[in-house]
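Chemist: Chains as they are written, first to last, in my numbering: chain A, 48 to 319; chain B, 29 to 666; chain C, 222 to 320. Take a look at this one; I'll ask things after.
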Amino acid sequence: MTALLVPLVTGAAVAYWICGPIMVAAAVAMILSRKAVYSALYLALVMVNLAIIYASQDAPFLFVVQIIVYTGAVMMLFLFVVMLIGVDTRGTLVEKVKGHTVTSVIAGIGGFILLAIAIGRGLVGPAIGVEAANQTYGGNVQGLAALLFGRYVLAFEATSALLITAAVGAMVLANVERLTPKFDQTARAKARIEDYATRGAHPGPRPSSGVFARHNSITSPALLPDGSVSPDSVSAVLVQRSGLADAVALAAPAKEAFAALDVAQGEDEEEL
Amino acid sequence: MTLLEGLTPVAPTGLFPYAWLLIVVPLVSAAILLLAGKAANSWGHYLGTLAPIVSFVVALALFADLLGRPEAQHAVSVPLYTWIATGSWSMGVGLLIDPLSILFALLITGVGSLIHVYSIGYMAHDPGRRRFFAYLNFFIAAMLTLVLADNYAVLFVGWEGVGLASYLLISFWQHKPTAATAGKKAFVVNRVGDLGLTMAIFTMLAMFGSSSFDAVNAGASKMSPAWVTLLGMLLLVGACGKSAQVPLQSWLLDAMEGPTPVSALIHAATMVTAGVYLVIRSHAIYAQTSAAALAVAIVGTVTLLAGAWIGTSKDDIKKVLAGSTMSQIGYMMLAAGIGPIAYPFAIFHLLTHGFFKANMFLGAGSVMHGMNDDVNMRHYGGLAKVMKITYYTFLMGYLAIIGTPFFSGFYSKDSIIEAAWEKQPVLGALALIAAGITAFYMTRLMFMTFWSSKRWAEGVHPHESPAVMWVPLVLLAIPSVIAGMVMNAWIAGWLAPAVGGEVPANPSWLPHLSLIGVVTLVVVIAGVGVAYLIFGRTSIPESVPFTRNVFTIIGRHDLYGDAFNEAVFMKPGEALTRGVVAVDSGVVDGAVRGSGALALGLGGGLRKLQNGYVRSYGLTMIVGVIVVALALIIGRLV
Amino acid sequence: MNPNFYVVLAAILFAIGIVGFLVRKNALVVFMSVELMLNASNLLLVTFSRVHGTLDGQAASFFVMVVAAAEVVVGLSIIVMIYRSRQSANVDNENLLRY
């Protein structure tokens, strides 16, 4: 029984009949889903299934390259850009141009029929299969390498130049030219001194918050040399929130301590 | 009596090679007067008067030369130059001086010179006097070209020239809308006649290869009856236009808008007689077709009655005289239609009519001059005592026109009535009745103008005209009286060889009294009597009296000629024009605009394809790919 | 496995790619549809490589992948730039070449 079954059902057929419908469904879902992220993921699914089919068609190198390059690099690049552009945007399926959807579907169906017929006519005779070709150089990868560096070396070199150009192009495109000059350290310093010259604004940093014996949080105001409170020393937001702490009260314990020390020192000096 | 088929022209000798001076002198004078501009205002009229006098002297010399020759040499051909020479066919310009044309030339230059002299005085206060004389000279040159031509084409050049001169002179006072309209009307109606003449010339060129009188005279007998009748009818149409015969008569009364010397020269003596000249010159054609000749006679008869009818109802003195002119030319056409017997009578009447009608027109101008240019006879009256010379000369013309025995009109008109009666009694009877009507309305004119009591307006002081005006009147009155007696004996014999007529048996200066002549006289006296009863005994009303008389109403409206023209020709013509304009703007312009609108619409529709969406463009591309691929597959190319 | 099946599958994927390219308005999804079309053509190349018994189809498919990668790089950077200046990735917004 199994001897009869095996020639009828090959692994390629199994792969095809499983991956095929999944691919088609995923493709349809890709073009119908509202969120771009979903579309990208569905496309990734399509590509993985394609890789499986490549493998079933005796193209192991392409199977791997498809997954690594196409799915792994290109689709991830898509996902990055989707996230950059607007992962939240929900596309609408409302069509503004009249009759466009219907015509597009008809065009799609027509294209399918056309391709199927036109390309099907190119199939004359049974499939030869690439086992023999794969064995010529001792493996699929070696055979492909022989082709790439042999017959198609010019195309290969051109393609590599293309890749370099693409990378350079991407860098150039992403390079946004400044419309205004950059406001760097030098400019900042100059601006400060100009402000001081014209408005008398304080060029330096603001005084930091006060440090007292028992409090040194940033809400403690600092005392100026003449004993008054510096209003710049505490952030305006904190002042708004909770008001300015009483600097005198904060300084009181230290003053008391100094006063007690003075008294003690005086007694000591009197004793001597 | 022998029937001669016309004279063979001989080569020019003596003064004849200079016959072209007749035409060139007035033409050059006209050119000088027009081109010299205002600088010639002070002496222009003298030059303008001198030119026709020079032509008259030359014509007199040529006439004397012809008289001295034997009869066979009475026709002299003076070839001038070749006009068109194309290979096998050529047309030349030349003059033919024969008995017919020399009489015309004398009439034109003689009467023309007198009218020029008269115009010096009549147009003395008009700022355009120099231009007037230029146009008059141009007219003289053109009319002479017409009568002296030796082929129909050159005749046509003169024909058109006199038409132009008539237009220029009728609308001389261009600022008056009525004058301008009258000029246009004259030109347009003449054009209809010109159509007939041009078609006739084309027919001649097609049939004979030449339009010269020799060729036509020789070839007329060889034409088929249908063609020769057609030719005769076409020439008749041309003659009707120029001579104001029915049905192309509507312009003559309006032509009285022009100055009176113009009416005298052009619309009485000379231009309107060009039609008669044309018919008589084409005698060879009319001899072959009795139908066309009868048509000429009928046209003449109808016109002589119509003109007389109109003359009875008009209060404008010039319009009465114009109606009278129409009627008298009808007599001439009747005579021309009767046949070779009556050709000399037609010319005879033409000459006498030229004298007495020009006389009367100039007299009317003199009356108008004295009455501050008022033409309404109801404002005249009693002028006989105040303007004696004008009155007596006018009286001579009046007696001539009604056919008083021994006056010039008697001989010529009676001959026509007799010939008509012999040919066709109906025509003769009608001509007879018209003679009575002529007497009636001319007597009415005399009563209203000279004999009745004064009906002058305020501030009008009629006075005799200056000498430069009454001397030509006298000089014209003399032939009105004696021309008949002088020419009767001689004219038939003089003209007959040239026009294929018959030489009468015993010409004399005595009136040829027959039964018809007596009856005519009785009818004339009756007409005078009726006019006396109506106008002589009661006073003439100063405003147009209301009348229920159908004949008077029709006469006052010019026999509804204008209304007829308007209804039959103008309104359909206007409708046709409107239709053509509608087609032009609707169909032609519509097609043009429609194609533009189509392009716009197409563009407007197609541009909707460019909606800016890349997806639409992609769809178009893909659909295109599918279509092309399908085509290739189905065509089995792939 | 009869290559016809793979041809039909590839054609289906290609058609779905076309429809997606024409119908969706988000620039990224449109780009993804283009990628789908490229993958479909890759599948066809591999299938025909097997039909003819040579590895040229697979080599071509390899090149397609490389070129597609380069194209995605440049295309996505363009989309990012457009997003930066217009704050939207809707292909319908670029409709200035309309009538």
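Ideal Cβ positions, reconstructed from N, Cα and C, are used throughout, including at glycine.
Determine whether the beta carbon atoms of residue 189 of chain B and residue 218 of chain B lie at a separation below 8 Å.
Modeler: No; because the gap between Cβ atoms is not below 8 Å, this pair is not in contact.
Chemist: Buried or exposed: residue 184 of chain B, going by 16 or more other Cβ atoms within 10 Å of its Cβ?
Modeler: Its Cβ being crowded by 16 or more others within 10 Å, residue 184 of chain B is buried.
Chemist: Please state whether DSSP places residue 82 of chain A in a helix, a strand or coil.
Modeler: In this structure, residue 82 of chain A counts as strand in the three-state DSSP scheme.
Chemist: Just to confirm the assignment, what range does the alpha helix (DSSP H) spanning residue 236 of chain C have?
Modeler: Looking at the DSSP string, the run of the alpha helix (DSSP H) that includes residue 236 of chain C is 224-244.
Chemist: Let me make sure I understand the geometry here. Which of C/231, C/230, C/235, C/240 has the alpha-carbon closest to that of residue 147 of chain A?
Modeler: Considering only alpha carbons, the answer is C/240.
Chemist: Just the chain B side, please: which residues come within less than 7 Å of residue 317 of chain C by C-beta, in chain order?
Modeler: Under the 7 Å cutoff, chain B gives 640.
Chemist: Could you please give the first and the last residue of the uninterrupted alpha helix (DSSP H) stretch that includes residue 421 of chain B?
Modeler: 416-430 is the extent of the alpha helix (DSSP H) around residue 421 of chain B.
Chemist: Taking Cβ-Cβ distances below 8 Å as the criterion, which residues of the region 259-274 of chain C are in contact with chain A?
Modeler: Cβ contacts with chain A: 260, 263, 264, 265, 267, 268, 269, 270, 271, 272, 273, 274.
Chemist: Could you spell out where the beta strand (DSSP E) holding residue 114 of chain B opens and where it closes?
Modeler: Here the beta strand (DSSP E) through residue 114 of chain B covers 104-114.
Chemist: Excluding the five sequence neighbours on either side, which residues of its own chain have a C-beta within less than 6 Å of the C-beta of residue 157 of chain B, listed in chain order?
Modeler: Once the five neighbours on either side are set aside, the close Cβ partners of residue 157 of chain B are 73, 151.
Chemist: Output, in chain order, the set of chain C residues within a Cβ distance shorter than 8 Å of residue 105 of chain A.
Modeler: Within 8 Å Cβ-Cβ: 271.
Chemist: Enumerate, from N- to C-terminal direction, the unbroken alpha helix (DSSP H) stretches of 4 or more residues contained entirely within the region 558-592 of chain B.
Modeler: Those alpha helix (DSSP H) runs which fall completely within the region 558-592 of chain B and span 4+ residues are 578-584.
Chemist: Please classify residue 293 of chain A: does DSSP put it in a helix, a strand, or coil?
Modeler: DSSP places residue 293 of chain A in coil when its eight states are reduced to three.
Chemist: Can you check whether the CB of residue 137 of chain B is closer than 8 Å to the CB of residue 51 of chain B?
Modeler: Not a contact, by the Cβ cut-off of 8 Å.
Chemist: Taking C-beta to C-beta, are residue 398 of chain B and residue 415 of chain B nearer than 8 Å?
Modeler: Yes; because the gap between Cβ atoms is below 8 Å, this pair is in contact.
Chemist: As a quick exercise: from C/283, C/297, C/271, pick the residue whose alpha carbon is nearest that of residue 192 of chain A.
Modeler: Selected option, being the one with the closest Cα: C/283.
Chemist: Measure the CB-CB distance between residue 702 of chain B and residue 345 of chain B and report whether it falls below 8 Å.
Modeler: Nothing about residue 702 of chain B can be read from this structure; chain B reaches only from 29 to 666.
Chemist: Among B/582, B/635, B/525, B/639, which has the Cα closest to the Cα of residue 35 of chain B?
Modeler: Residue B/525 is the option with its Cα nearest to residue 35 of chain B.
Chemist: Quick check: the Cα distance between residue 100 of chain B and residue 301 of chain B, rounded to an integer number of angstroms?
Modeler: So the two alpha carbons sit approximately 27 Å from each other.
Chemist: With a threshold of 8 Å between beta carbons, is residue 637 of chain B in contact with chain A?
Modeler: It does not: the Cβ of residue 637 of chain B has no partner Cβ on chain A nearer than 8 Å.
Chemist: Would the C-beta of residue 77 of chain B count as close to the ligand GTP, meaning under 7 Å from any of its heavy atoms?
Modeler: Ligands in the displayed structure: none, and consequently the ligand GTP is not present.
Chemist: When you compare the CB positions of residue 160 of chain B and residue 154 of chain B, do they come within less than 8 Å of one another, or not?
Modeler: A contact, by the Cβ cut-off of 8 Å.
Chemist: How many angstroms separate the CA atom of residue 106 of chain A from the CA atom of residue 205 of chain A?
Modeler: Roughly 24 Å between the two C-alpha positions.
Chemist: How far does the beta strand (DSSP E) with residue 118 of chain B in it extend, from its first residue to its last?
Modeler: Where residue 118 of chain B is concerned, the enclosing beta strand (DSSP E) stretches over 117-125.
Chemist: Note down, in chain order, every chain C residue with its Cβ under 8 Å from the Cβ of residue 650 of chain B.
Modeler: Within chain C, the residues near residue 650 of chain B are 239, 243.
Chemist: Going by DSSP, which residues form a beta bridge with residue 603 of chain B?
Modeler: Note: residue 603 of chain B sits in no beta bridge, so no partner.
Chemist: Take the Cβ of residue 203 of chain B as the centre, count every other Cβ of all protein chains shown within 10 Å, and call the residue buried at 16 or more, exposed below.
Modeler: By the neighbour-count rule (16 or more Cβ atoms within 10 Å), residue 203 of chain B is not buried but exposed.
Chemist: Between which residues of its own chain and residue 48 of chain A is the CB-CB distance below 7 Å, once the five residues before and five after are set aside?
Modeler: Since pLDDT at residue 48 of chain A reaches only 48, below the 50 mark, its modelled position is unreliable, and no value is offered.
Chemist: Hey, residue 170 of chain A and residue 272 of chain C: beta-carbon distance below 8 Å or not?
Modeler: Closer than 8 Å, so yes.
Chemist: For residue 662 of chain B, count the other beta carbons within 10 Å of its own beta carbon; 16 or more makes it buried, fewer makes it exposed. Which is it?
Modeler: That one is exposed.
Chemist: What does the Cβ neighbour count give for residue 304 of chain A, buried or exposed, with the cut at 16 atoms within 10 Å?
Modeler: Exposed.
Chemist: Assuming contact is defined by CB atoms lying nearer than 8 Å, are residue 587 of chain B and residue 334 of chain B in contact in what I supplied?
Modeler: Yes, the Cβ-Cβ distance between residue 587 of chain B and residue 334 of chain B is below 8 Å.
Chemist: Which residues of chain C have a Cβ atom closer than 7 Å to the Cβ of residue 94 of chain A, listed in chain order?
Modeler: 260, listed in chain order.
Chemist: Per DSSP, what kind of secondary structure is residue 412 of chain B in: helix, strand or coil?
Modeler: Coil.
Chemist: Is any beta-carbon of chain A found at less than 8 Å from that of residue 295 of chain C?
Modeler: Chain A contact via Cβ: present.
Chemist: State the Cα-Cα distance for the pair residue 560 of chain B and residue 511 of chain B, rounded to the nearest angstrom.
Modeler: The alpha-carbon atoms of residue 560 of chain B and residue 511 of chain B are separated by roughly 28 Å.
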